[in-house]
Amino acid sequence: VMMIRNATLGLLLLVTAVGCGVRPQNTIATVRHVPVDPKLYQVLLSTARHRAQESGLAADSRTAEGARRLARIEAAALRTAIRDTALDAVAARAGVAITRSEVDATITRVEDAIGGAAALDGQLTAQGLTRNDFRTLTR
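In the numbering used here, the protein residues as written are 1078 to 1216.
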């Protein structure tokens, strides 16, 4: 429990540091001078927009309501990307790293659980994701 509290406190401190200092050009945000992965942000944003569209909710700037919804989706995607960047930093300081083989093993377990690679690909397509997007999210 103490380790979780310390990690949570560290995460809060890291996220608080976002916006402090100068961001490199074309960077959406930084956490202690570490840029947030733009690929992760784009995948999160794309997935959330796809879910909104599938639900019949407009998430675009053509209407005031759609613009507000889009702004909330963008903010949520950014918060998640910042959180993941902060967690990566905490993990790195603790000597924890996620290997490609661990990600591969996780994806294989998901495939096995839902009926194989083709079933996973079908699910990803239905959600507007590519296999590479899924790998980014899984990591």
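Note that the Cβ used here is the ideal one computed from N, Cα and C, for glycine as well.
* Runs of alpha helix (DSSP H) wholly within the stretch 1171-1208 (minimum 4 residues, chain order) -> With a minimum length of 4 residues, the continuous alpha helix (DSSP H) runs that stay inside the stretch 1171-1208 are 1177-1191, 1194-1203.
* C-beta atoms of Gly1143 and Ala1135 nearer than 8 Å -> Indexing the sequence shown from 1 puts residue 1143 at position 66. Indexing the sequence shown from 1 puts residue 1135 at position 58. One thing to note: Gly1143 has its Cβ within 8 Å of the Cβ of Ala1135.
* Asked: According to DSSP, is Val1113 helix, strand or coil?
  -> For the purposes of this step, residue 1113 is taken as the residue at position 36 of the sequence shown. Shown here, Val1113 sits in coil according to DSSP, grouped into three states, outside any helix or strand.
* Asked: Is DSSP giving Thr1124 helix, strand or coil here?
  -> Here residue 1124 corresponds to residue number 47 of the sequence shown, with the count starting at 1. In the structure shown, Thr1124 sits in a helix (DSSP, three-state: H, G or I).
* Assuming Ile1191 contacts Gln1204 under a Cβ cut-off of 8 Å, what Cβ separation, rounded to an integer in Å, is found between them? -> Locating residue 1191 in the sequence shown gives position 114, where the first residue counts as 1. Locating residue 1204 in the sequence shown gives position 127, where the first residue counts as 1. Between Ile1191 and Gln1204 a beta carbon distance of about 13 Å is seen, past the 8 Å cut, so the two are scored as non-contacting.
* For Val1167: DSSP bridge partner residues -> One-based indexing of the sequence shown puts residue 1167 at position 90. Its beta-bridge partners do not exist; DSSP assigns none.
* **In DSSP terms, what Thr1107 is bridged to** => As a first step, residue 1107 must be located in the sequence shown, where it is residue number 30. Per the DSSP secondary-structure output, Thr1107 pairs in a beta bridge with Pro1112.
* To the nearest angstrom, report how far apart Arg1160 and Ile1184 are at their CA atoms. => Residue numbering aside, residue 1160 sits at position 83 when the sequence shown is read from its first letter. Residue numbering aside, residue 1184 sits at position 107 when the sequence shown is read from its first letter. Approximately 22 Å, taken between the alpha carbons.
* For Val1120, count neighbouring Cβ atoms within 10 angstroms of its own Cβ and tell me buried if that reaches 16, exposed if not. => For this step, residue 1120 is matched to residue 43 along the sequence shown. It is buried - the Cβ of Val1120 has at least 16 other Cβ atoms within 10 Å.
* To do: Take Arg1212 and list the residues in its own chain whose beta-carbon comes closer than 8 Å to its own, dropping the five residues that flank it on each side.
  => The count along the sequence shown starts at 1 and reaches residue 1212 at position 135. Contacts found: Val1180, Ile1184.
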